[in-house]
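The next block holds one structure in the form of structure tokens; read it before the comments.
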Amino acid sequence: MKTKIQELKQKFNIELADVRDTKTLEELRLSFFSKKGYISALMKELGKVPAEQKKEFGQIINGFKQELSDRFDEARRELVEREEELAVNCAEAYDESMPTVNPGGSYHPITLIQRELEDIFRSMGFDVEDYNEIVDDYHCFEALNIPKFHPARDMQDTYYLDTPNQLLKSHTSAAQNHIMMKYGRALKEQNRPIRAVFPGRCFRNEAIDACHENTFFQMEGIMIDKDISISNLIYFMKTMLSEVFERDITVRLRPGFFPFVEPGFELDIQCLICGGDGCPSCKNSGWLELCPCGMIHPNVLKYGGINTEEEPYQYTGFAFGLGLTRLAMMKYGIKDIRVFNEADLNALSQFVSK
Ligand code: PHE
10 MKTKIQELKQ
20 KFNIELADVR
30 DTKTLEELRL
40 SFFSKKGYIS
50 ALMKELGKVP
60 AEQKKEFGQI
70 INGFKQELSD
80 RFDEARRELV
90 EREEELAVNC
100 AEAYDESMPT
110 VNPGGSYHPI
120 TLIQRELEDI
130 FRSMGFDVED
140 YNEIVDDYHC
150 FEALNIPKFH
160 PARDMQDTYY
170 LDTPNQLLKS
180 HTSAAQNHIM
190 MKYGRALKEQ
200 NRPIRAVFPG
210 RCFRNEAIDA
220 CHENTFFQME
230 GIMIDKDISI
240 SNLIYFMKTM
250 LSEVFERDIT
260 VRLRPGFFPF
270 VEPGFELDIQ
280 CLICGGDGCP
290 SCKNSGWLEL
300 CPCGMIHPNV
310 LKYGGINTEE
320 EPYQYTGFAF
330 GLGLTRLAMM
340 KYGIKDIRVF
350 NEADLNALSQ
360 FVSK
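If you read the sequence shown in the working numbering, its first letter stands for residue 10, the second for the next number, and so on.
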């Protein structure tokens, strides 16, 4: 039995030396520790050992088990650290101190991702719209079913101008009402569904750090027609994200609250780095939160002049608010949000469209 343990130790050493990630490490662990693993086989053999030697062998096996499990723990710790580092440096090594590679000038990463998305949405029949950065309280909040003093306003604390009622828009949803007004007639009279995306700069009163900015970009999208349902929403989001990331994307919806949608959701995508198994980038959950969305609240449709009740114009619609800044960070592996607004040419000129 001693030789057997010796052999197993050797086997373990050889195999451990080949392990490069936590997944293979777990496989190796199972080959030793699972019910059908080598350790249980040893325990079975222990049953056959003469009674007077049982104690000695039992102790040897236990010592062996302990040694293995310590080494597994140590190896796991090292691998997790390495994988964390890898995840941080993923998405094509991006080094903001690299010398400028585009002497002829280049586009800002937000512009690149915004244009890419605009092309994708245009190909799906969406209009691309522009909207003001200075808006009034009505468009930013009231028309979105967020009355004065509603607690949902707390999350969107923004910058107010000296002129009464004017503020820097805290989200692209502020344009929803305008778009509905603009296209409502064509919807009713020509049966032309409203399909529009509207990218824009948004502002919030935030303390700035690597993950928070007071100025960021979103792209809002709405679609309104008869019989629009959550499946339409999922379809468009999945198609768009698969194009952006150039691979099939799995999405899921979780409930989320926004006064202007009912039901409201948070849309998650399966983690692009681990494929859903769990890794440091997705905090081991296998999912990344990407985009709030939902079915447009009937009040919001009504404020936008869209009929929700009267036959035969019972319209429904979906809305989503994609964080363009966040998407650019994910796509280009940018870890510090401050890069976008710092006008550091070395950092910003490294991005090229595909
Ligand atoms: N406007 C919301 C925000 O910025 C996001 C959102 C858009 C939620 C559309 C639902 C539908 O927080």
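We treat Cβ as the ideally placed atom computed from N, Cα and C, and that holds for glycine.
Could you round the C-beta distance between residue 327 and residue 231 to whole angstroms and report it? I think they count as a contact, below 8 Å. Taking the Cβ atoms as the reference, residue 327 lies roughly 7 Å from residue 231, within the contact range of under 8 Å.
Quick check on residue 258: does DSSP put it in helix, strand or coil? Correct three-state label for residue 258: coil.
Is it buried or exposed for residue 185, if we count other Cβ within 10 angstroms and need 16 for buried? Answer is buried; the Cβ neighbour count reaches 16.
Is residue 209 closer than 8 Å to residue 140 when the C-beta atoms are compared? Yes, these two residues count as a Cβ contact at 8 Å.
Starting from residue 48, trace the alpha helix (DSSP H) both ways and give me its first and last residue. That run of the alpha helix (DSSP H) goes 47-57.
Can you give me the start and stop residues for the alpha helix (DSSP H) that residue 198 sits inside? Annotation: the continuous alpha helix (DSSP H) that includes residue 198 extends over 185-199.
Is DSSP giving residue 246 helix, strand or coil here? In this structure, residue 246 counts as helix in the three-state DSSP scheme.
Comparing the CB of residue 220 with every heavy atom of ligand 1, is any distance shorter than 7 Å? No.
The segment 332-340 in contact with the segment 79-89 per 3-pair CB rule at 8 Å: The segment 332-340 is not in contact with the segment 79-89.
Any heavy atom of ligand 1 closer than 7 Å to the CB of residue 245? When distances are taken from the beta-carbon of residue 245 to the heavy atoms of ligand 1, even the shortest one reaches 7 Å or more.
Residue environment, residue 313, which counts as buried when at least 16 other CB atoms sit within 10 Å: Buried.
Measuring only from the beta carbon, is residue 229 closer than 7 Å to any heavy atom that is part of ligand 1? Yes, since a heavy atom of ligand 1 falls inside the 7 Å radius drawn around the Cβ of residue 229.
Using the DSSP secondary-structure output, state which residues sit across from residue 302 in a beta bridge. DSSP lists 274 and 329 as partners of residue 302.
Reducing DSSP to helix, strand and coil, say where residue 20 ends up. Note: residue 20 maps to helix in three-state DSSP.
Can you tell me which residues form a DSSP beta bridge with residue 234? Partner(s): 325.
DSSP state of residue 162, grouped into three classes? Residue 162 falls in the helix class under three-state DSSP.
Check whether the Cβ of residue 321 lies closer than 8 Å to any Cβ atom in chain C. Given the protein chain composition of this structure (a single chain), no chain C is represented.
Exposure label - residue 263; buried when at least 16 CB within 10 Å: Residue 263 comes out exposed.
Which value, in whole angstroms, describes the spacing of the CA atoms of residue 273 and residue 350? In this structure, the alpha-carbon of residue 273 lies about 31 Å from that of residue 350.
Take residue 32 and list the residues in its own chain whose beta-carbon comes closer than 8 Å to its own, dropping the five residues that flank it on each side. Within the same chain, residue 32 has close Cβ partners 286.
Using the Cβ count rule (16 or more neighbours within 10 Å means buried), how would you classify residue 277? Here residue 277 is buried. Its C-beta has 16 or more other C-beta atoms within 10 Å.
In the DSSP output, what is residue 224 paired with across the bridge? In the DSSP assignment, the residues bridged to residue 224 are 212.
Any non-hydrogen atom of ligand 1 within 7 Å of residue 264 CB: Answer for residue 264: no, Cβ out of range of ligand 1.
Taking buried to mean at least 16 other C-beta atoms within 10 Å of its own C-beta, is residue 39 buried or exposed? So residue 39 counts as exposed.
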